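Worksheet: the structure to be examined is printed underneath.
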Amino acid sequence: MIKITPAKQLKGIIRVPGDKSLTHRALILGALAEGVVEITGFSQAKDCARTLYCLRQLGVQIKVDTHGKVVVLGKGLGGLVEPQQILFAGNSGTTLRLLAGVLSGQSFTSFLNGDASLRQRPMGRIVFPLRKMGACIQGRKGGTYPPLAITGKSLKPINHQLSVASAQAKSALLLAALYAPGWTEIKEPLPTRDHTEKMLKAWGAKIEWYAGKCGIEGLPHLKARPVFIPGDFSAAAFFIVAALIVPHSHLKIEGVGLNPTRRGLLEVLQAMGASIKVAELKETAGEMYGTIEVKSSSLRGISIGGEIIPRLIDEVPILAVAALFAEGITEIRGAAELKVKESNRLRALAKCLSRLGGQLEELPDGLRIHGGYPLQSALCSGYGDHRLVMSLAIAGLRIKGGIKVTHPELTEISFPGFWDLLAELRCE
Ligand code: S3P
290 MIKITPAKQL KGIIRVPGDK SLTHRALILG ALAEGVVEIT GFSQAKDCAR TLYCLRQLGV
350 QIKVDTHGKV VVLGKGLGGL VEPQQILFAG NSGTTLRLLA GVLSGQSFTS FLNGDASLRQ
410 RPMGRIVFPL RKMGACIQGR KGGTYPPLAI TGKSLKPINH QLSVASAQAK SALLLAALYA
470 PGWTEIKEPL PTRDHTEKML KAWGAKIEWY AGKCGIEGLP HLKARPVFIP GDFSAAAFFI
530 VAALIVPHSH LKIEGVGLNP TRRGLLEVLQ AMGASIKVAE LKETAGEMYG TIEVKSSSLR
590 GISIGGEIIP RLIDEVPILA VAALFAEGIT EIRGAAELKV KESNRLRALA KCLSRLGGQL
650 EELPDGLRIH GGYPLQSALC SGYGDHRLVM SLAIAGLRIK GGIKVTHPEL TEISFPGFWD
710 LLAELRCE
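As structure tokens, this is what we get:
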């Protein structure tokens, strides 16, 4: 358990760990590429380590040096070997879903499993289209929940409309499509993060995409290239909101990924009245990054829904915290996907923020948050969800008497060093 006391002010210039989504993809594409892939800015998050261990079990040599530089010795599309053990993805949906796509096209059988949370997360969104491509996949409840058993087959291209806006599902199909000779086309209900598309293109795949539609040619030669991974916007989000709600704060976060499909939270916070500036914009392999400067601000409630939701899907917990400190009502709709994340985030947020005295209602597809009510000290659980633990910690910075949060170690799943960074910024 950890105690979070109120902060008088937050000040500093910081960096956050490398982007988690990009780290998973750099490792997986690195394994499938021809040649040696050097990755800098690699995230040491536990989720990314799961992908790394699974790839090692598939025969890929990956070296990690003490400065966090990672070297992957690519095996080419046909170089993976049958794992002797069950591949364990832990809490990481990205590991399990993306690897399921790759494993569908292999010439061996593999088994994928996860922790108690991941075993409750829906897999039909990948299993049904992968079966349409010819993959042989079994799993609990007709293949809709892990563990999954995948016997690789010769795959054929498909034309598929995804039923949910999910970058993990889209990426699983794109990775399987690498093994399917011909043109695969995937449509998504709303555009989601496009890191897989950008990285595949940078590595030589023939791939095209525009809002909500993506096509890829199978059997490319993926050429190894060095990868630089910018800071994780989803990690920066906690400190952005912290600086907004703690009085007299001024924070600069350098080298943060600013891919438009990820930075929806910035747009929403700015519309709520936040003082946020973006500077020193740069680009690497199609990925934008730069410095985010934030000053404490008075926020007002807002209504959001539709296309912005996938662009801030992981930031809803911390947005809900910002909304508690905003004047008026914030309504988040079109976010039913949050029920099937690491926890049921709509239910968990409604429960744990109400414990703090927050006035909020769980809606079938979102939350209604009545901002500006006084909050109170409490002992909270983050429902086993790393993003809830960090969101509660940020709320605690503005609660008289502070709060206590159980399982602080969960932050390591996506944000190693979260607590140290938070301590470093406090001016007492
Ligand atoms: C991710 C996609 C998102 C996000 C997750 C990481 C990715 O999930 O919530 O944390 O790296 O592709 P969905 O695509 O399933 O919404």
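Numbering (my numbering), first residue to last: 290 to 717.
The C-beta atom is built at its ideal place from N, Cα and C for all residues, glycine as well.
These numbers were taken from a predicted model, which means no experiment stands behind them.
Worksheet item: Starting from G660 and walking both ways along the beta strand (DSSP E), at which residues does that stretch end?
Response: 655-660
Worksheet entry | Under the three-state DSSP convention, the category S680 falls into | helix
Worksheet item: Under 8 Å, do H537 and R314 count as touching if we go by C-beta distance?
Response: no
Discussion item. What I want to know is whether the C-beta of I607 ends up closer than 7 Å to one or more non-hydrogen atoms of the ligand S3P.
Written reply: no
Worksheet entry | Residues near the ligand S3P, criterion Cβ-heavy atom distance below 5 Å | S310, T383, S455, A456, Q457, I602, D603
Discussion item. What does the Cβ neighbour count give for A568, buried or exposed, with the cut at 16 atoms within 10 Å?
Written reply: exposed
Practice prompt. Compare the beta carbon distance of L467 and K459 with 8 Å and say whether it is the shorter of the two.
Written response: no
Practice prompt. Please classify R687: does DSSP put it in a helix, a strand, or coil?
Written response: coil
Worksheet entry | Straight-line Cα distance separating R715 from E497 | 46 Å
Discussion item. Helix, strand or coil for A465? Go by DSSP, reduced to three states.
Written reply: helix
Discussion item. With a threshold of 8 Å, are at least 3 pairs of Cβ atoms found where one atom belongs to the stretch 525-540 and the other to the stretch 328-347?
Written reply: no
Practice prompt. Please list, in chain order, all residues of the same chain as W472 whose beta carbon is under 7 Å from its beta carbon, the five residues on each side excluded.
Written response: P446, G504, E506
Discussion item. Do A424 and S396 have their beta-carbon atoms positioned less than 8 Å apart in this structure?
Written reply: no
Worksheet item: Taking C-beta to C-beta, are I688 and Q665 nearer than 8 Å?
Response: yes
Worksheet item: Exposed or buried, I302, counting other C-beta atoms within 10 Å across all chains shown (16 or more means buried)?
Response: exposed
Worksheet item: If you compare alpha carbons, which of R429, F517, T695 is closest to T573?
Response: F517
Worksheet item: For L649 versus R657, is the C-beta distance shorter than 8 Å?
Response: yes
Discussion item. Measuring only the C-alpha atoms, how far is N380 from R410?
Written reply: 10 Å
Practice prompt. Just the C-alpha distance for L376 and G544, rounded to the nearest angstrom, thanks.
Written response: 33 Å
Discussion item. For a test of the three-state rule: what should DSSP assign to L299, helix, strand or coil?
Written reply: strand
Item to complete: May I have a chain-ordered list of the beta strand (DSSP E) segments no shorter than 3 residues that lie completely inside the stretch 567-649?
Response: 576-584, 617-621
Worksheet entry | Nearest-angstrom Cα separation, counted from I591 out to T619 | 5 Å
Worksheet entry | Proximity of L627 and V610 at Cβ, strictly below 8 Å | no
Worksheet item: In the DSSP assignment, what are the bridge partners of H539?
Response: K300, K584
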